[in-house]
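Take the sequence shown: its position 6, counted from the start at 1, is 6 in the UniProt record's numbering, and no numbers get skipped.
Report on the structure given below.
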Amino acid sequence: MALSNGTWTPFNPETVRLMIGMFDKHSRGTVSFDDFGSLWKYVTDWQACFRSFDRDGSGNINVTELKDALSSFGYRLSEQIVSVMLKRFDRFGRGTILFDDFIQCCVVLHTLTASFRQFDTDQDGYITIHYEQFLNMVFGLKI
């Protein structure tokens with residue numbers, strides 16, 4: 001695998017699948033050479049972002065660093081939900097997430113937020129939808 005998450009272990013396959021899906025213009029499960037160049041820039045941009053929030057230089061992000069990162073992106077989330085997110089993307093149960101898991105966490109949050117906003121027409125943070133609308137929203141996501 002060409003990508004490393006900074007710990008000499010391969011990228012999380014789920015993160016790779018998610019990113020390829022974002023850059024696969026023909027829905028074939030692959031990226032062209034040109035698309036790979038765009039994907040590589042995307043990864044290096046995320047790497048710079050990750051490093052700026054990994055304040056202790058540990059190579060991973062803890063709950064405080066994740067909350068700071070998400071706040072800087074404009075998300076105002078409670079400590080509880082940030083902890084839930086960290087736990088969801090913490091593959092090794094250490095209370096931290098690695099670079100590739102950070103990308104996945106942020107992309108999933110962005111995708112879920114965009115889907116929510118389609119129904120939050122008055123932008124008050126609340127939606128009312130039917131169960132099948134919810135299922136359609138969730139199963140229609142590319143995450």
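Note that the Cβ used here is the ideal one computed from N, Cα and C, for glycine as well.
When the alpha-carbon of residue 29 is set against those of 38, 16, 89 and 110, the nearest one is in 16. By the CB criterion at 8 angstroms, residue 67 and residue 82 fall inside the cutoff. The C-beta distance from residue 46 to residue 103 rounds to 5 angstroms, short enough to meet the 8 angstroms contact threshold. Taking residue 35 as the centre and dropping the five residues before and after it, the same chain places the C-beta of 23, 24 and 25 closer than 8 angstroms to its C-beta, in chain order.
A straight-line Cα-Cα distance of about 21 angstroms links residue 73 and residue 119. When 122, 123, 117 and 124 are compared, the shortest CA-CA separation from residue 134 is found for 117. Its Cα nearest to that of residue 140, the residue 112 stands out among 112, 129 and 125.
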